[in-house]
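Novice: My structure is below; once you've seen it, I'll send some questions.
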Amino acid sequence: MEALDALFNRVSVPRLVAPAPTAEQRQALFRAALRAPDHGQLRPWRFLTVEGEARQRMGELFAEALNIADADASPEALNKARGMPLRAPLLVVVIACVQVHPKVPESEQVIAAGCAAHGMLLAAHAQGIGAVWRTGDMAYDAHVAKGLGLSADERIVAYLYLGTPERELRRAPELAAEDFVRVWNG
Numbered sequence: 775m776e777a778l779d780a781l782f783n784r785v786s787v788p789r790l791v792a793p794a795p796t797a798e799q800r801q802a803l804f805r806a807a808l809r810a811p812d813h814g815q816l817r818p819w820r821f822l823t824v825e826g827e828a829r830q831r832m833g834e835l836f837a838e839a840l841n842i843a844d845a846d847a848s849p850e851a852l853n854k855a856r857g858m859p860l861r862a863p864l865l866v867v868v869i870a871c872v873q874v875h876p877k878v879p880e881s882e883q884v885i886a887a888g889c890a891a892h893g894m895l896l897a898a899h900a901q902g903i904g905a906v907w908r909t910g911d912m913a914y915d916a917h918v919a920k921g922l923g924l925s926a927d928e929r930i931v932a933y934l935y936l937g938t939p940e941r942e943l944r945r946a947p948e949l950a951a952e953d954f955v956r957v958w959n960g
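Numbering-wise (our numbering), the sequence shown opens with residue 775 and increments by one.
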């Protein structure tokens, strides 16, 4: 697939089934992530892969976090939290590893990790892998961060859900660039 085709036609694929990406496909995903813009060459990112039974353990971690945040959480809400990681055969947790740097602020480092996640989405699309970027409360929860082993200077940027598309991909909406671009003349 050509680069512009991937850029123009990538869509989120929320309905995913097995099989997960192969080892070779994963290597391509991570190679794409590592090409993200990186002011200062800090490499302000790392990735966790979650699959198999670890998805159930992550679901339990999510349910614990929900229960801590809301002691009155309904059984339905707790079950929904438990089921979130089961929506795909492979999850990649994209983590921004923020470093103190005199020229590269925290915001740039978090954006760089986001660009790494986007690179993975594009590489997934180019290989015919279904993928969707999710965040939600569990991306910002201290109990989840601790359970995943994040340090105080790390932030979850994305949960990338990856697998085989359950159905045919939808077409990307055609947007007019001129609706979003203006000339500034000073």
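Heads up, the beta-carbon is just placed ideally off N, CA and C, and yes, glycines get one too. Since we're looking at a predicted model, the values are computed, not measured.
Would you tell me roughly how many angstroms separate the C-alpha atoms of Asp911 and Ala855, rounded to the nearest one?
Specialist: Their backbone Cα atoms lie some 10 Å apart in a straight line.
Novice: Touch check for the stretch 891-907 and the stretch 836-845: three-plus C-beta pairs under 8 Å?
Specialist: No: the two stretches stay apart, fewer than three of their Cβ pairs being nearer than 8 Å.
Novice: Measure the Cβ-Cβ separation of Ala887 and Ile869 and say whether it is below 8 Å.
Specialist: Yes; because the gap between Cβ atoms is below 8 Å, this pair is in contact.
Novice: Among the candidates Val931, Met894, Cys871 and Glu827, whose CA atom is the shortest distance from the CA of Phe804?
Specialist: Per the Cα distances, Met894.
Novice: Return the bridge partner residues of Arg789 from the DSSP annotation.
Specialist: In the DSSP output, where bridge partners are listed per residue, Arg789 has none listed.
Novice: If we ignore side chains and look at the alpha-carbon of each, how far apart do Arg941 and Leu790 end up?
Specialist: Spanning the two alpha carbons is a distance of roughly 8 Å.
Novice: Name the DSSP beta bridge partners of Arg945, please?
Specialist: Answer is none; Arg945 lacks a bridge partner.
Novice: Which of the three DSSP states is assigned to Leu852 in this structure?
Specialist: Looking at Leu852 - three-state DSSP - the assignment turns out to be helix.
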